[in-house]
Amino acid sequence: MNWSPEQLRLAEKYRSLDEIPVEERRYKCHTCHFVVDETPCPHCGERSLETMCPLDHCDCHHSIVESIEYCPLCGHAVCPECGSHDVVQISRVTGYLQDVAGWNAGKQQELKDRTRYPVV
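For what it's worth, full-length UniProt numbering labels the leading residue of the sequence shown as 1, then goes sequentially.
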């Protein structure tokens, strides 16, 4: 992924999402699917909002990509073509395809650390 200079500056400025000042945070509401600047959600009142990574632009038009990359700020999987954090990562580690979002932190880190080889 070719991160822009502004994105790289943000990744250096903040080492985790918790370091982002409250007044600079944006949130994803998984109830009404809006991106909002305050909590609770002004649209539906949901109080359990996800703090957005400032590198996430939420606009991926790619259906399937071969590889995956990880955000230098929050560590979540991102689309290697556009950098969107709204991707579903699947793996066949356990013998069948499954979404890795339900895996524990250790198993997800193991997936990130794997060396990938091209199939020719």
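Ideal Cβ positions, reconstructed from N, Cα and C, are used throughout, including at glycine.
Given the structure is predicted, the values throughout are model-derived calculations rather than measurements.
Within 8 Å, strictly: CB atoms of residue i and residue j
i	j	result
HIS62	CYS79	yes
CYS74	LEU17	yes
Separation of residue j from residue i, as counted between CA atoms
i	j	result
residue 137	ALA77	With the chain represented from 1 up to 120, any question about residue 137 goes unanswered, as that position is not in the structure.
GLU46	SER67	34 Å
PRO118	CYS44	45 Å
ILE20	ALA101	24 Å
ALA105	PRO5	29 Å
GLN7	VAL65	22 Å
Where residue i falls, given that 16 or more other Cβ within 10 Å makes a residue buried
i	result
PRO54	buried
GLY83	buried
LEU97	exposed
GLN109	exposed
Sequence-distant residues of the same chain with beta carbon closer than 8 Å to residue i, five excluded per side
i	result
VAL35	ARG26, TYR27, LYS28, CYS29, MET52 and CYS58
Own chain, CB closer than 7 Å to residue i, minus 5 neighbours either side, in chain order
i	result
ASP37	ARG26
Open item on the list: Assess contact between the stretch 45–59 and the stretch 21–31, defined as three or more Cβ pairs (one per stretch) separated by less than 8 Å. Is contact present?
Closed with: yes
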